[in-house]
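Numbering (our numbering), first residue to last: 176 to 432.
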């Protein structure tokens, strides 16, 4: 695994996008100590104090995945980060959740965001997984009203390089599990989702819980029931309507608003 380390980049995902990724070794990691224009989901900007947090991107070549099952990579990587966060919190997995599709929350506050950018033909070709992980930052602006960090949760100061090595190892374990556990073998006429699917749903925030959302611009009260094989969120409203939606169609309303 190659580590490309920079004092400053606009965006680690953006830097990867300038490379000929076909010739980049799998699990090559681009790490920036300062990221001046980091990107998150929905086109949002990722807020991060200089030298306080981890901002990095990992290059993967998941060619074993059919294009129709690309969301399995999101599940595996989300589990990898949440495994690691839980380990840093003393192994208390119940303190960590995944907010669909791949934000990591600790004690119901956001500690990590992930942006996966794909190149896909008939099969998955390349994925660049950008990760922003709050580590030593203790104050957040209005753009991150529900954020937390490892330091806020534990009271400790952390050395970033050692943490990066740990989270990369956790990501690698989950990625290798995705590759090696027969996830794509046909069982009974259907592709097997395996334990990654079960664990992802087991950590999914608000699963089975009635909550407030904004769906296509309108407020609804609904219960998350699952995630489709394409990665669409599945919900049932309190009047019985079944919804399957993409990320741009729904907004989670924060508790206490």
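By construction, the Cβ of each residue, glycine as well, lies at the ideal position given by its N, Cα and C atoms. The structure displayed is predicted, hence computed values, not measured ones.
The alpha-carbon separation between residue 351 and residue 249 amounts to approximately 14 Å. Within the region 333 to 409, the alpha helix (DSSP H) runs of at least 4 residues that lie entirely inside it are, in chain order, 335 to 355 and 369 to 378. The Cβ atoms of residue 308 and residue 271 do not sit closer than 8 Å to each other. Between the beta-carbon of residue 283 and that of residue 240 there is about 31 Å, and that puts the pair past the 8 Å contact cut. Linking residue 242 to residue 353 through their CA atoms gives a straight-line distance of about 15 Å. Sequence-distant partners of residue 206 (beyond 5 residues in either direction) whose C-beta falls short of 6 Å from its own C-beta, in its chain, are 180 and 231. When beta bridges are read from the DSSP output, residue 206 appears opposite 180 and 231. Here residue 176 has 202 as same chain residues with Cβ atoms under 6 Å from its own Cβ, once five neighbours each way along the sequence are excluded.
Taking all protein chains in view, the Cβ of residue 320 is surrounded by fewer than 16 other Cβ atoms within 10 Å, so the residue is classified as exposed. With a cutoff of 8 Å on beta-carbon distance, residue 228 and residue 290 are scored as not near each other. When only Cα atoms are considered, residue 315 and residue 415 end up about 38 Å apart.
In the DSSP assignment, residue 274 falls within the unbroken beta strand (DSSP E) covering 271 to 274. For residue 302, the enclosing beta strand (DSSP E) stretches over residues 299 to 308. In the same chain as residue 273, and ignoring 5 residues on each side of it, the C-beta atoms closer than 7 Å to its own belong to 253, 257, 279, 375, 378, 379 and 380, in chain order. Where residue 256 is concerned, there is no enclosing beta strand (DSSP E), although the alpha helix (DSSP H) around it starts and stops at 246 to 263. For residue 293, the uninterrupted beta strand (DSSP E) segment begins and ends at 284 to 295.
By DSSP's assignment, residue 420 forms a beta bridge with 408.
In this model, residue 408 and residue 293 are separated by some 20 Å (Cα to Cα). The residue from 393, 260, 275 and 428 with its alpha-carbon nearest to that of residue 269 is 260. Residue 322 carries a strand assignment under DSSP once its states are collapsed to helix, strand and coil.
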